[in-house]
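Peer 1: Dropping a structure here in structure tokens format, bear with me for questions.
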Amino acid sequence: MSNVQSVNNEFFNKNAQNYDSFPHADEMTQHGSEVVLREFAASTSDERVKNASVLDFGCGTGLCAFKVAPSVNHLLGVDASEGMLQYLNHKLSTNPENSAIRNKLATVNHLVTDEAPLPDPELSQYLSGPEGGFDLVYSTYVMHHIEDVQGVVNTISKKLLKKDGWLIIVDFEGAHGHGHDHGHDHGHDHGHGHGHNHEGGEAHAHCRGHHQGHHEDQRTHEFFKGIDGEAAEYVAHKGGFTTEGFAE
């Protein structure tokens, strides 16, 4: 595990129970889930959406998963932070508003790699056989925490998606502050990118890696600010998510 990933895990494990109250968390979750469902529905039939097997890459405390799960057949939330998943499952099992999705949402604590895209038994359950794989893999505001975005996208495309599956990424785009190995100033100011004009982030819809969309200027939210209004230093990443060199 890289040092960046270790710092990420340490932060998210420590702050899991407070994560949902971070500034703009509800707003960005609503935005992210709407983008994911809209882009997926636009790319396929209503029947396939309803019957879809979906993976939430970096699901965290389930903020987006809880909004996507009602529209699909089954959703697997994957996250490297055990603390975040523990809080997700606590909310899933105790909050009455989540009762309708308890039988269609599962989680696994795992760091997705090319060598081990999923652990057992999930590997056999979801990926074995000619029909194995997910109809949709999505991530919302996760990729800017990843050092090797292209490598992760390649792994998802090759190891997790069905042959005609879709990858949808919603994230900040461009360089945001000055990242380093032990923390990052999260005052997100301006971004630009590809896809539709979604304020606060970008949707990158790929069918097995094929990009669709057009170029737009964007404004991203100043998401991670403390109660004093100052940008919070809390997690390492490498200057934001960009599509430079992104495989088409």
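Per full-length UniProt numbering, the very first residue in the sequence shown carries number 1; after that it's consecutive.
A virtual CB, placed ideally from N, CA and C, is assigned to each residue, including glycine.
Find the nearest neighbour of VAL161 within the set VAL149, GLY133 and ILE169, judged by alpha-carbon distance.
Peer 2: The sequence given here has Leu at residue 161, not Val. Out of VAL149, GLY133 and ILE169, GLY133 has the C-alpha closest to the C-alpha of LEU161.
Peer 1: Taking the beta carbon of GLY151 as the centre, do at least 16 other beta carbons fall within 10 Å, making it buried, or is it exposed?
Peer 2: exposed
Peer 1: Whole angstroms are fine: how far does the CA of ALA100 sit from the CA of ILE146?
Peer 2: 32 Å
Peer 1: Starting from the Cα of SER139, find the closest Cα among ALA80, VAL72 and ASP171 and give me that residue.
Peer 2: ASP171
Peer 1: By how many angstroms is the C-alpha of GLU47 removed from the C-alpha of GLY183?
Peer 2: At GLY183, the pLDDT of 36 sits below 50, so the modelled position is not reliable and the matter cannot be decided from this model.
Peer 1: So the alpha helix (DSSP H) TYR87 belongs to, where does it begin and stop?
Peer 2: 82-94
Peer 1: Is the Cβ-Cβ distance between VAL72 and PHE57 less than 9 Å?
Peer 2: no
Peer 1: Put THR155 into one of helix, strand or coil per three-state DSSP.
Peer 2: helix
Peer 1: If you follow the beta strand (DSSP E) that LEU123 is in, where does it begin and where does it stop?
Peer 2: Careful: LEU123 lies outside any beta strand (DSSP E), inside the alpha helix (DSSP H) at 122-127.
Peer 1: By Cβ distance, which residues of its chain are closer than 8 Å to THR155, with the 5 residues on each side in sequence left out?
Peer 2: VAL112, THR113, ASP114 and PRO117
Peer 1: Among the residues of its own chain, which have a CB less than 7 Å from the CB of LEU92, if the five just before and after it don't count?
Peer 2: Only GLY62, ASN98, ARG102 and LEU105 meet the Cβ criterion.
Peer 1: Please report the distance separating the alpha-carbon of GLY32 from that of PRO70.
Peer 2: Rounded to whole angstroms, GLY32 to PRO70 spans 15 Å at the Cα level.
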